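First comes the structure, then the notes that go with it.
Protein chains in written order, with the working numbering: chain A, 3 to 685; chain B, 3 to 685.
Given below as structure tokens:
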């Protein structure tokens with residue numbers, strides 16, 4: 003019953019299964035299994051370990067409050083889950099000794115200047131966290147959990163000393179809850195994930211053309227007419243603010259004005275600059291409606307609204323949006339034109355600057371600071387307004403040179419479906435930029451942006467995670483922490499850790515595939531899915547004109563961006579052509595993986611016939627069979643050094659080119675790697 | 003690059019993947035793709051289909067209320083998810099026409115006699131649901147969703163006429179939230195799942211030795227001292243009652259008395275029969291503490307408590323538990339013995355009967371009916387008390403003969419980790435029993451029981467689902483609907499449907515495996531897990547003395563009971579030996595599956611070394627390699643008809659016997675099938 007020793011079939015699964023492990027194994031042998039993400043500022047290895055034979059027994063000999071205790075309780079629970087150790091009974095004083103020594107709670111309202119530093123020391127006897135604030139202690143607890151490592155028959159903490167603080171003060175994630183509403187549960191688990199990777203700002207994009215998502219009791223039509231009934235009550239919003247504070251996270255609310263305001267204007271037409279919408283907007287893209295900056299009543303309204311919101315959102319910053327306001331009414335409405343003339347305002351930008359100045363005055367009365375997107379940065383803007391750059395680092399630096407605080411967002415747009423590695427390498431304030439040290443101080447940090455056109459509760463997690471964990475490291479760790487391979491090695495366990503706090507980014511793919519196939523029987527479909535990823539927002543929009551009512555329950559919605567296969571095939575391909583050249587095992591692994599893929603095709607194809615929603619990927623299935631064959635052949639030629647028959651290369655390149663064309667709203671993850679294989683075949 | 007045509011390796015995955023499909027394919031070709039679970043009372047096939055090209059446009063020309071509208075809205079949303087059709091814009095009147103004609107809401111408080119019948123008619127033009135009550139209409143909507151089938155490039159409903167009503171009036175699921183607390187989200191998704199398969203009673207086991215889970219404002223210590231802070235507020239409980247009512251489900255609360263009452267007595271020692279606990283109980287098993295039935299203060303307390311609970315739980319029935327009360331105090335406490343003598347009460351059973359009578363009188367004052375476990379059935383018990391049988395059908399029938407209403411539970415204990423097929427065949431009132439028709443009327447139905455020792459939020463779904471769907475069919479459908487193979491065929495899509503309403507029973511396995519392995523890289527571990535299942539409650543308890551503080555994050559907790567491999571291997575094996583004998587494809591499929599399993603072993607083994615929590619299954623991994631070899635060899639001998647070498651059979655049986663011994667708290671799913679293969683090898 004011996005099995006044939008054929009590369010293509012023997013132990014295929016074993017090879018495929020080893021795909022992630024291959025990058026992890028070598029480095030995991032280091033003394034401290036450094037899986038930390040983000041990497042700490044300073045880590046000193048000791049020798050020995052603290053064996054974990056019972057659950058944590060935590061002392062707080064200095065400062066102690068309810069928030070710290072809750073953070074400790076959550077950490078203990080996760081510690082028990084990670085080690086399988088039983089809960090301590092009530093009043094139990096035995097256990098692995100952890101001292102959490104904190105100077106004080108930190109600021110009443112967490113600010114951009116909160117002291118987040120901590121030190122973590124593990125000895126063979128116990129562990130200690132020292133921090134100035136609750137928030138610092140929370141970061142220390144997260145680091146401690148990530149240090150847990152296998153040790154013989156159980157787990158241990160390595161002896162280590164860590165001194166850590168963030169590189170940037172503003173490490174945010176923006177979630178657009180306007181275009182699609184995200185339920186409270188989604189927000190909570192997102193905050194849980196943010197805490198794991200030490201992000202500290204949740205930028206809550208609460209209003210959009212497509213929906214007004216926060217209850218106003220002063221102006222109830224905002225949600226009554228502007229939300230399809232999908233909005234956060236004030237009680238829920240306060241609950242989220244408290245939930246975030248318990249996790250060391252600020253909530254910065256955004257109320258878009260004067261553009262992106264269809265929902266405001268449908269609810270209260272008197273705010274409009276002339277033309278009035280007849281409903282909230284279902285289509286995506288930039289709208290022409292705008293709030294009227296020329297009426298005093300507008301500012302009375304906004305003041306009453308912001309005053310009410312200030313009772314819910316304690317953060318110093320209020321985001322007023324301010325982007326994308328073409329506002330044709332401002333060019334044509336005689337009343338508005340007359341106002342502009344009277345006030346010597348030349349053009350829409352000047353009128354919007356006037357609007358911003360008025361809103362800024364309101365915010366100052368409320369003791370708030372204003373933040374807005376790039377467009378708010380107009381001549382004469384007071385220097386205490388912060389700018390969020392969606393236009394990129396040049397725009398950000400321009401602001402910094404003028405003395406404006408800024409945060410970078412453009413390289414961190416998740417709906418572009420770029421890889422974690424791409425996002426990871428984009429630095430908000432690279433040391434080789436032309437900013438002076440003082441100017442550099444104005445770069446507060448960055449924000450990951452999750453725009454809402456193509457996500458909803460079931461799919462948003464896999465769009466945000468784990469890529470956001472890699473970006474979180476960019477915001478926290480030193481500039482020179484930029485080894486992409488090592489980042490991906492650590493991203494694997496961190497992704498699992500994020501799942502353990504309740505995120506669904508890993509399990510949602512299979513759930514989606516089962517739903518599409520109408521059966522649990524998705525082994526082949528899962529294999530197929532592992533080699534594709536969703537196309538970017540704009541590519542999808544070109545293939546399918548989506549709007550707010552479009553179903554987001556398709557194959558493209560089930561699969562996740564940047565699945566492990568992308569970096570893994572790239573890494574193996576790189577090794578194959580490295581100097582000195584990689585060993586044949588790399589080729590064998592790639593070969594086995596392509597066999598695995600091509601075996602899946604004939605199983606997936608009949609499923610597409612019985613599951614109409616899967617049919618849109620049938621072209622991709624056909625292509626996968628062909629591309630796998632190209633890969634096999636290329637590997638054979640590379641291995642033998644033989645020349646392929648004439649026309650082979652042209653044909654192979656043709657297949658790759660075909661596969662790069664839009665189809666099914668998904669793309670293959672391995673095409674660049676395959677191209678490299680083909681390019682290197684002798685000709 | 004042709005691959006060798008070897009059975010063991012060629013297209014292995016394809017074969018394995020086809021495992022579920024093999025039972026489904028043949029029957030799916032029937033005119034109506036009858037995936038309904040539970041099967042309706044009467045179904046008439048028409049010809050043709052109603053093509054589904056736009057979302058549902060629902061008219062309610064007769065009765066209409068908020069509850070019905072919400073049920074319709076939920077159904078429309080699921081319809082859109084199942085078909086990928088876009089949402090209708092607001093005010094849209096186009097769409098697939100569905101009329102829902104209901105006579106009235108139904109009872110103010112849903113009772114055991116609620117009219118749940120409905121008719122569903124699909125023509126080529128549209129669909130109609132007729133029902134007397136909202137609840138009947140909800141059942142009709144569930145049936146409609148299960149009828150959706152692929153049709154060319156889209157989906158359709160088959161032309162069909164269904165007249166349906168349940169066989170039993172009481173179709174329940176009990177969840178023990180005492181031993182481990184289950185968060186509100188778990189309860190809600192459980193109710194969602196129940197609605198899918200037309201269950202109508204959620205029996206909420208709210209108090210246990212290990213925790214008192216419902217807030218009393220009258221007696222706040224019940225949760226303050228008795229719950230570790232894990233309890234439902236009254237507001238939450240009311241929310242659950244409303245949530246259940248919206249889904250046609252009654253909530254029957256259970257307050258255990260006079261036994262299983264450690265939490266009551268720790269909170270209020272004055273209730274105790276002498277000895278007083280010094281904390282809530284952490285150990286499982288029967289406790290000796292009991293409420294004191296001899297004091298008037300006891301009944302004053304219980305009356306005030308039940309009066310308060312009646313403001314939360316509107317259902318006619320209140321479950322008082324009443325089981326397992328050894329109460330040694332009742333045998334030894336002179337004061338209690340004196341009371342018993344005074345009242346001519348001989349022994350504990352008589353004292354408990356006295357207690358029950360007193361509690362019954364209180365419930366009558368509150369216009370409630372009493373239900374209790376078997377033990378409440380003592381001589382002289384008034385006939386309007388209902389009995390829930392945990393002792394089995396004999397005990398149930400005995401009650402029915404005496405004129406007591408009863409529900410059957412014993413064959414539906416999920417923690418026994420029996421197969422869906424086993425549970426499915428147990429009938430609450432088989433027509434061949436010796437009950438008269440009138441006596442049979444007393445069998446109200448049955449209840450699935452999910453006891454809480456070994457489940458918590460992350461694992462409970464896979465213990466309840468999908469097995470409970472099969473039992474739900476037993477409670478709803480005709481007695482002669484008992485084709486186990488067809489049940490399993492339908493259980494596959496229903497399981498996916500249950501996932502689509504939010505249950506995590508399918509995705510939790512992989513999530514658990516990832517957490518144990520600390521990596522996403524679980525393909526081999528998943529394969530291994532597919533061939534094992536958790537052992538029963540008592541077998542686990544023997545292997546590991548668990549208590550309330552034990553970690554439930556082990557391998558046994560990740561894997562699910564009765565995975566598809568169990569029935570699939572059984573079915574294939576049965577076919578191989580059927581008359582006329584099955585074709586060689588069946589043998590090939592089995593063979594390929596065992597190859598798949600044995601390939602997984604060498605990948606899983608190193609993972610066990612780097613993941614201490616996986617080590618407890620290392621013996622099972624070694625056994626799996628050996629058993630796969632036995633299977634391969636057996637199939638070769640069966641195929642050839644050759645005799646194995648002397649000693650082979652003995653050796654094979656030895657391997658199987660070894661594998662039946664306890665190890666790792668999991669057992670293989672295929673041992674009976676493998677035994678059958680070995681038995682049939684010539685000797």
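Cβ atoms here follow ideal geometry from the backbone N, Cα and C, with glycine treated the same way.
Remember, it's a predicted structure, so these values are computed and weren't measured experimentally.
Where residue i sits in the DSSP three-state scheme
{"i": "residue 462 (chain A)", "result": "helix"}
{"i": "residue 206 (chain B)", "result": "strand"}
{"i": "residue 408 (chain A)", "result": "strand"}
{"i": "residue 549 (chain B)", "result": "strand"}
{"i": "residue 49 (chain B)", "result": "strand"}
{"i": "residue 266 (chain A)", "result": "helix"}
{"i": "residue 643 (chain A)", "result": "coil"}
{"i": "residue 609 (chain A)", "result": "helix"}
Same chain only: Cβ atoms within 6 Å of residue i, ignoring 5 sequence neighbours per side
{"i": "residue 7 (chain B)", "result": "Its pLDDT being 32, under 50, residue 7 (chain B) is placed unreliably in this model, and the value from its coordinates should be taken loosely. There are no such residues."}
{"i": "residue 276 (chain B)", "result": "331 and 335"}
{"i": "residue 347 (chain B)", "result": "353 and 356"}
{"i": "residue 170 (chain B)", "result": "447 and 477"}
{"i": "residue 550 (chain A)", "result": "212 and 284"}
Residue j beta carbon less than 7 Å from that of residue i
{"i": "residue 1 (chain A)", "j": "residue 190 (chain A)", "result": "There is simply no residue 1 (chain A) to check, as chain A begins at 3 and stops at 685 in what is shown."}
{"i": "residue 209 (chain B)", "j": "residue 258 (chain B)", "result": "yes"}
{"i": "residue 519 (chain B)", "j": "residue 605 (chain B)", "result": "no"}
{"i": "residue 198 (chain A)", "j": "residue 503 (chain A)", "result": "yes"}
{"i": "residue 497 (chain B)", "j": "residue 464 (chain B)", "result": "no"}
Extent of the continuous alpha helix (DSSP H) run through residue i
{"i": "residue 307 (chain A)", "result": "298 to 312"}
{"i": "residue 473 (chain A)", "result": "469 to 478"}
{"i": "residue 140 (chain B)", "result": "136 to 149"}
{"i": "residue 343 (chain A)", "result": "336 to 344"}
{"i": "residue 77 (chain A)", "result": "68 to 85"}
Enclosing beta strand (DSSP E) for residue i [first to last residue]
{"i": "residue 319 (chain A)", "result": "319 to 321"}
{"i": "residue 59 (chain A)", "result": "58 to 61"}
{"i": "residue 255 (chain A)", "result": "252 to 256"}
{"i": "residue 101 (chain A)", "result": "98 to 104"}
Close beta carbons around residue i, own chain, < 7 Å, minus the five adjacent residues each side
{"i": "residue 634 (chain B)", "result": "593 and 596"}
{"i": "residue 305 (chain A)", "result": "364"}
Cβ-based neighbour list, residue i, same chain, cut-off 8 Å, excluding 5 preceding and 5 following
{"i": "residue 55 (chain A)", "result": "87, 98 and 156"}
CB contact below 7 Å: residue i versus chain E
{"i": "residue 551 (chain B)", "result": "Note that chain E does not occur in the displayed structure, where the protein chains are A and B."}
The stretch 337 to 353 of chain B touching the stretch 362 to 369 of chain B, judged by at least three CB pairs closer than 8 Å: no
Could you check whether the stretch 269 to 287 of chain B touches the stretch 207 to 215 of chain B, counting it as contact only if at least three pairs of C-beta atoms, one from each stretch, sit closer than 8 Å? yes
Using 8 Å as the Cβ pair cut-off and three pairs as the minimum, do the stretch 439 to 455 of chain A and the stretch 402 to 413 of chain A touch? yes
At least 3 beta-carbon pairs within less than 8 Å: the stretch 319 to 328 of chain A vs the stretch 371 to 386 of chain A: yes
Assess contact between the stretch 146 to 166 of chain A and the stretch 42 to 55 of chain A, defined as three or more Cβ pairs (one per stretch) separated by less than 8 Å. Is contact present? yes
Taking contact to mean 3 or more Cβ pairs, one atom from each stretch, closer than 8 Å, check whether the stretch 630 to 648 of chain A and the stretch 668 to 685 of chain A are in contact. Flag = yes, the stretch 630 to 648 of chain A and the stretch 668 to 685 of chain A touch.
Closer than 8 Å is the cut-off here; do at least three beta carbon pairs connect the stretch 115 to 135 of chain A with the stretch 336 to 346 of chain A? no
Does the stretch 556 to 570 of chain A come within contact of the stretch 662 to 672 of chain A, defined as at least 3 CB pairs closer than 8 Å? At 8 Å Cβ cutoff, the stretches touch.
Spell out a yes or no on whether the stretch 524 to 542 of chain B and the stretch 382 to 401 of chain B are touching, meaning 3 or more CB-CB pairs, one atom from each, closer than 8 Å. Judged by Cβ distances under 8 Å, the stretch 524 to 542 of chain B makes no contact with the stretch 382 to 401 of chain B, as fewer than three pairs qualify.
Touching or not, the stretch 645 to 662 of chain A and the stretch 550 to 563 of chain A, by the rule of three or more beta carbon pairs under 8 Å? no
Between the stretch 451 to 458 of chain B and the stretch 479 to 496 of chain A, do at least 3 Cβ pairs fall closer than 8 Å? No: fewer than three Cβ pairs fall under 8 Å.
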